[in-house]
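Below is one structure, written out as structure tokens, with a few remarks after it.
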Amino acid sequence: MNEEKCHILLVEDNQQLAEQLSNFLMQKGMVVDYACNGQLATNLLESERFDVVILDLTLPDTDGLNLCRFIKSELTTNIPVLMLTARDSIEEKLDGFSHGTDDYLTKPHVLEEVYVRCLALARRHQLHKSQKACIGDLEIDFHQKTVQRGGQNIKLSKTDFLLLKLLAEAYPNALSKRQLIEKVWGDDMPDTDAVRSHIYTLRNAIDKPFECQMIKTVHGIGFKIVVPE
């Protein structure tokens, strides 16, 4: 697996529609989390990282417009939002865009079109992300796929580089083992403890030649990058 899986948050109170769309997107190779109301969606948005949010506007505990405003104004990352709703008047569409949505699709929808629009939003989002990360003396060029620490070049396998990229994007927060599995392997996870194995080889490359460790285990949570004091 050489490319990061696209991680979708589907916010939809109709369970039948949500299952149908989730199953379709997962068959297309995407990772999908599901929230049936605004509060659960907010909890997931504050604890995990997503590439696209598919947002129904009619939710049991809030209007989707308010949730879109929260996504665009309160979160530290600008996650693309695709509104998927039965509200189909031009006034309602303009209201959606005024609240910050990136795309708008009305129900009933074609599953393939939802997938294509999510793909386009995720790719656009990736292009606008910073191409480099500098954390302490660690420098990562996401575009060139190169790594340096203390000015020394470090060679990594494709999987180790992707793990390091995910940890760098989450910095200073930790990522759980489950999050790493979903983003790197999706449903193709090997039977062996691949995460632990790759974290071991990553530490040998990033930490072993240096005095201070940067890749830390957060017990009960997962892994994170830290800057030595």
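Numbering of the sequence shown is given in the UniProt record's numbering, commencing with residue 1 and proceeding in unit increments. Where is the CB? At the ideal position from N, CA and C, for every residue including glycine. Nothing here was measured: the structure is a model prediction, and the numbers come from that model.
For I221, the CB contacts under 7 Å within the same chain, skipping 5 residues up- and downstream, are A174, S176 in chain order.
Only exposed fits T58, as fewer than 16 other CB atoms lie within 10 angstroms of its CB. In this chain, the beta strand (DSSP E) harbouring E139 covers 138-141.
Separation of the CB atoms of Y104 and F24 is rounded to 20 Å, and the pair is thereby denied contact status at 8 Å.
Here the segment 138-154 does not lie against the segment 70-86, with fewer than 3 beta-carbon pairs under 8 Å apart. Setting aside the 5 residues that flank it on each side, K224 is surrounded in the same chain by A174, K216, V218, each with a C-beta closer than 6 Å to its C-beta; the list follows chain order. Secondary structure of I71 (DSSP, three-state): helix.
Closest by C-alpha distance to C212, out of I79, V31, P228, is P228. Shortest Cα-Cα distance from K28 to any of R124, S157, H198, E113 involves E113. Cβ-Cβ distances below 8 Å link V31 to K5, C6, H7, I8, E182, K183, G186 in the same chain, with the five nearest sequence neighbours on each side left out; the list follows chain order.
When the Cα atoms are used, I135 and Y171 turn out to be separated by approximately 8 Å. Apart from sequence neighbours up to five positions away, the residues of its chain that approach K72 with a beta-carbon distance below 8 Å are N78, V81, H99, G100, ordered along the chain. Our two residues, D207 and L164, have alpha carbons roughly 12 Å apart in a direct line.
For N153, the enclosing beta strand (DSSP E) has its first and last residue at 152-154.
Distances from the alpha-carbon of R178 to those of E48, D13, R69, A120 put E48 closest.
Between the alpha carbons of D56 and D160 lies a distance of about 36 Å. In this structure, the beta-carbon distance from L65 to G38 does not fall below 8 Å. By the Cβ-count criterion, E74 is exposed, with fewer than 16 other Cβ atoms from all chains shown falling within 10 Å of its own Cβ.
The continuous alpha helix (DSSP H) containing R196 extends over residues 194-206.
The shortest CA-to-CA distance from A120 to any of A18, H198, V52, V11 is the one to V52.
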